[in-house]
Amino acid sequence: MTSLRSHRLQLRNPFEADSPIVTMLIAVTALLSLFGVFMVLSASSVTSGLSNGGNFFADGFMQAASAVFGGALCLIIARWPVSMWSKNRNLFVGIGFVLQLAVLTVGTEYGGNRNWLDIGFLSFQPSEFLKLAVIVWFASWIHDNEFMLDEPLQRWIQPLVWVGIPIGMVGLGGDLGTTVIMGLIVLGMLAFAGLPSRTIWTLAALAALAAFALINVGGSNRGARFEAWIQGCTPEQYETVCWQTMHGLWA
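See the structure below:
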């Protein structure tokens, strides 16, 4: 009787992975987060020291604390049932869509991209929330509709609407980087789900054409930044299209 009770009271290891893929995903996520914290520390040390009384590590420590909080939150969220995500996936994308629509109308423009919302005490990028919402929507949809992986693309109307339109909305805001990342994430999810490679390459080619169109017809700033990245920067471009490139190299 005692052993039965102790078995029932035994807590599940929160770090227990269900498959090697999950283990690899956790490892890659942790490594990228750690790398990102060090990059922020390196890039922000000078400005952090000037604005925090000589504390060159203040901004980096704040980023590290956010990463730790996010990691703990991920451990909790990872144990939520799949049914919860399936039930609320349309709501998540809908909220992100409304926020992104607000960006296109009353958003703040920075560096040629309109992708920020400023509500006084807080400034944030709705495209980052929309990115997570798209991932949740598509992952839960694939889980509920595995049979669709063998169907032709013409029958993929629902995911085209719920995934394609949000990605296009981010692109309209001028945030080409997040748009490309969202597209690559969707392609990666399809590859892990087992979609035929021919279909994935077809989608990748279409996505590349769309990205090319955004670069060339979506505004001179985007095309100039891409050209500077390919051909190199000049001193005159330091404070404009080359600001992020140069500071990234210095970091």
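One rule links them: number in the working numbering = place in the sequence shown (from 1) + 2.
Idealized CB from N, CA, C, for every residue including glycine.
Here W82 carries a coil assignment [DSSP, helix/strand/coil]. Per DSSP, W245 is one residue of the alpha helix (DSSP H) stretching across 245-252.
Using a Cβ distance threshold of 8 Å, D61 and S50 count as a contacting pair.
The secondary-structure analysis by DSSP pairs W118 across a beta bridge with T110. Contact check for V39 and A74: beta-carbon distance about 15 Å, past the 8 Å limit, so the pair fails to qualify. F123 is bridged by DSSP to nothing; it lacks a bridge partner. Judged by beta-carbon spacing, L216 lies within the 8 Å limit of L178, meaning their Cβ atoms are closer than that value. Taking the C-beta atoms as reference points, F94 is found no nearer than 8 Å to V42. Judged by their CB atoms, V108 and N117 are not nearer to each other than the 8 Å cut-off. Around the beta carbon of F214, a 10 Å sphere encloses fewer than 16 other beta carbons of the protein chains shown; the residue is thus reported as exposed.
The beta carbon of S47 sits closer than 6 Å to those of F58, all from its chain and outside the five residues before and after it, given in chain order. Here the alpha carbons of N92 and T201 stand approximately 25 Å from one another.
Sequence-distant partners of Q160 (beyond 5 residues in either direction) whose C-beta falls short of 8 Å from its own C-beta, in its chain, are W143. Segment contact: the stretch 124-131 against the stretch 163-183, three or more CB-CB distances shorter than 8 Å; contact assigned.
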